[in-house]
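S.K.:
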Amino acid sequence: MDYSQAQIWTIILGLGVITLALRFSFLGLIGRRQLPEWVLRHLRYTPVAVLPGLVAPQVFFPPANDGVTDPMRLAAAAVTLAVGYFTKSVFWAIAAGFATLTGLMALTGG
Amino acid sequence: MTPAATLSAYQGWLQGLRAGTPFVLVVTPFGMVFGVVATEAGLNVFETMAFSIVVIAGAAQLAAIQLMIENAPVMVVLATGLAVNLRMAMYSAALAPHVGAAPVWQRALIAYLMVDQAYATAHTRFEEAPEMPLAAKVAYYFGAVTLVIPFWYLATLAGALVGNQIPAGLPIEFAVPATFIAIIAPMLRTLAHVAAAIVSVVVTLLLAFLPYNLGLLAAALLAMTTGAQIERIAQRRREAR
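Sequence lines, in order, name chains Z and B. The first sequence: position 91 = 91 (my numbering), numbered continuously. Every position in the second sequence, counted from 1, becomes a number in my numbering once 1000 is added.
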């Protein structure tokens, strides 16, 4: 990471202001008025539209493996997804994914 | 049990506290992951804490750190954080009919503390018992975050402090994708959600050649539209039956 102090604080405070503005938006405007249905329908999908794309490059081309696809990381990601899907527990999903990756790495000496 | 319509603020707060307590188990590991990853990426403990206190949005914070590791331009980091947090506007809109009449300082505090778990717990309760008095609703919401938010700060601090002591051999960088996948997995409950996730992944990878992570932003827009369209089609089919 090579940012100046000013850039780091611009990111921290900027993200804080943006996030607070989003959170305050309708509460602030005393929104008894409902958002149009089509806007709500799109907003419903923001997490699932942004987060998978955000992680995809790290999962398929992990920088820690010089950007080369790593079957161990793919397997660990698949386990995380499956455990998260069935248990709905963020905690157990992460734990299972980590156990898979460290276990595989220990087995292969990698 | 006291009927919801006559709940005092204190009773509302207690109910919220009880409903919100299990989420401590979710935010603690998440906060620690952020603390570790942020300090590993090169932020100091003070900057890491400022992040968690100013923003209180784990997914956006991790996304920002990920892009900062890649030295993305400041505007791109902010735009991605905005995209990740767009859902907060939806939460705000959903809570407004219930607590929109509270004084502005309370609404501002509600906004600052609006994490996924607070929204989900409070909104479910308010829809169940819309007759709750305003003061009890506001107190319920604050009760739901009374433990979650301090644990979020403390977990970040713990992660930031141990971050440097993690043995070099451990694949700590996997914490970021693992955490995101763990957040996404339970959301994949309808065809529309699954389709949106697939479009997001495929389009981001196809557009990986674009600079400044513009591919991700384009993929997110396309994925959002895909999810919304499929939901609309599914709804029409149900109505047609």
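Just so it is clear, CB atoms sit at the ideal spot from N, CA and C, and this is done for glycine as well. It should be emphasised that the depicted structure is a prediction, and the values quoted were computed from it without experimental measurement.
What's the gap between the Cα of L104/Z and the Cα of P1177/B?
M.R.: Along the first sequence, read from residue 1 onward, the residue named residue 104/Z stands at position 104. Along the second sequence, read from residue 1 onward, the residue named residue 1177/B stands at position 177. Those two C-alpha atoms are separated by around 17 Å.
S.K.: Given that a residue counts as buried once 16 or more other Cβ atoms are within 10 Å of its Cβ, and exposed if not, what is W1013/B?
M.R.: One-based indexing of the second sequence puts residue 1013/B at position 13. Looking at its Cβ environment, which holds 16 or more other Cβ atoms inside 10 Å, W1013/B is buried.
S.K.: With distances taken Cα to Cα, identify the nearest neighbour of I1053/B among P1029/B, F1151/B, A1063/B, Q1117/B.
M.R.: Taking the first residue of the second sequence as position 1, residue 1053/B is located at position 53. It is F1151/B whose Cα lies nearest to the Cα of I1053/B.
S.K.: Which bits of chain B does I14/Z rub up against, with CB to CB less than 7 Å?
M.R.: For the purposes of this step, residue 14/Z is identified with residue 14 of the first sequence, where counting begins at 1. The question names Ile, but residue 14/Z is Gly in the sequence shown. Residues of chain B passing the Cβ test: L1078.
S.K.: Below 8 Å between beta carbons: does that hold for A973/B and G1215/B?
M.R.: The structure shown does not extend to residue 973/B, since chain B is modelled only from 1001 to 1241, so the question has no answer here.
S.K.: Do R1204/B and M1049/B have their C-beta atoms closer together than 8 Å?
M.R.: Translated into positions along the second sequence, residue 1204/B becomes position 204. Translated into positions along the second sequence, residue 1049/B becomes position 49. One detail in the question is off: residue 1204/B reads as Thr in this sequence, not Arg. In this structure, M1049/B does not lie closer than 8 Å to T1204/B by Cβ.
S.K.: Take the Cβ of N1085/B as the centre, count every other Cβ of all protein chains shown within 10 Å, and call the residue buried at 16 or more, exposed below.
M.R.: What you label residue 1085/B is simply residue 85 of the second sequence in a count that begins at 1. Buried, because 16 or more other Cβ atoms sit within 10 Å of the Cβ of N1085/B.
S.K.: Determine, using beta carbons only, whether P36/Z comes closer than 8 Å to chain B.
M.R.: In the first sequence, the residue the question calls residue 36/Z occupies position 36. So, not an interface residue.
S.K.: Measuring alpha carbon to alpha carbon, tell me which residue in R1125/B, I1110/B, A1240/B, G1159/B is nearest L1043/B.
M.R.: To locate residue 1043/B, count along the second sequence from 1; it is residue 43. Nearest C-alpha to L1043/B: G1159/B.
S.K.: Is I1183/B closer than 8 Å to L59/Z when the C-beta atoms are compared?
M.R.: Numbered from its first residue, the first sequence carries residue 59/Z at position 59. Numbered from its first residue, the second sequence carries residue 1183/B at position 183. Just to set this straight, residue 59/Z is Val in the shown sequence, not Leu. No, the pair does not count as a contact, with Cβ atoms beyond the cut-off.
S.K.: When you compare each of E1239/B, A1220/B, E1128/B, L1170/B to S1200/B by their alpha carbons, which one comes out closest?
M.R.: Looking up residue 1200/B in the second sequence gives position 200. S1200/B has its Cα closest to that of A1220/B, out of E1239/B, A1220/B, E1128/B, L1170/B.
S.K.: How about V59/Z: is its C-beta nearer than 8 Å to some C-beta of chain B?
M.R.: Counted from its first residue, the first sequence places residue 59/Z at position 59. Yes - at least one Cβ of chain B is within 8 Å of the one on V59/Z.
S.K.: With DSSP as the reference, label R73/Z as helix, strand or coil.
M.R.: Indexing the first sequence from 1 puts residue 73/Z at position 73. R73/Z falls in the helix class under three-state DSSP.
S.K.: Since I believe T100/Z is in contact with A82/Z (beta carbons under 8 Å), could you give me their beta-carbon distance rounded to a whole number of angstroms?
M.R.: Walking along the first sequence from the start, residue 82/Z turns up at place 82. Walking along the first sequence from the start, residue 100/Z turns up at place 100. Rounded, the Cβ-Cβ distance is 10 Å, inconsistent with contact.
S.K.: Per DSSP, what kind of secondary structure is P1133/B in: helix, strand or coil?
M.R.: Counting from 1 along the second sequence, the entry for residue 1133/B is found at position 133. Here P1133/B sits in coil by DSSP.
S.K.: Does E1131/B get closer than 8 Å to chain Z when you measure Cβ to Cβ?
M.R.: Along the second sequence, one-based indexing puts residue 1131/B at 131. No, E1131/B lies away from the interface with chain Z (no Cβ there is under 8 Å from its Cβ).
S.K.: With three or more C-beta pairs closer than 8 Å as the rule, is the region 1126–1136 of chain B touching the region 35–43 of chain Z?
M.R.: Not touching, per the Cβ criterion.
S.K.: Please determine, among V48/Z, G14/Z, T19/Z, D70/Z, the residue with the shortest C-alpha to C-alpha distance to P1171/B.
M.R.: Counted from its first residue, the second sequence places residue 1171/B at position 171. Closest option to P1171/B, Cα to Cα, is D70/Z.
S.K.: Within this structure, are the beta carbons of A1234/B and L27/Z separated by less than 8 Å?
M.R.: Start at 1 with the first residue of the second sequence, and residue 1234/B comes out as number 234. Start at 1 with the first residue of the first sequence, and residue 27/Z comes out as number 27. Cβ distance not < 8 Å, so A1234/B and L27/Z don't count as in contact.
S.K.: Can you check whether the CB of H1098/B is closer than 8 Å to the CB of K1137/B?
M.R.: As a working note, residue 1137/B is residue 137 in the second sequence. As a working note, residue 1098/B is residue 98 in the second sequence. Contact flag set, yes.
S.K.: Please work out which residues of its chain come closer than 7 Å, Cβ to Cβ, to G1081/B, disregarding the five sequence neighbours upstream and downstream, and give them in chain order.
M.R.: On the second sequence, residue 1081/B is found 81 positions in, with the first residue counted as 1. Excluding sequence neighbours, G1081/B sits near A1060, A1063, A1064.
S.K.: On a CA-only basis, which of Q1117/B, P1073/B, G1031/B is nearest T1146/B? Give me that one, please.
M.R.: Position 146 of the second sequence holds residue 1146/B. Residue Q1117/B is the option with its Cα nearest to T1146/B.
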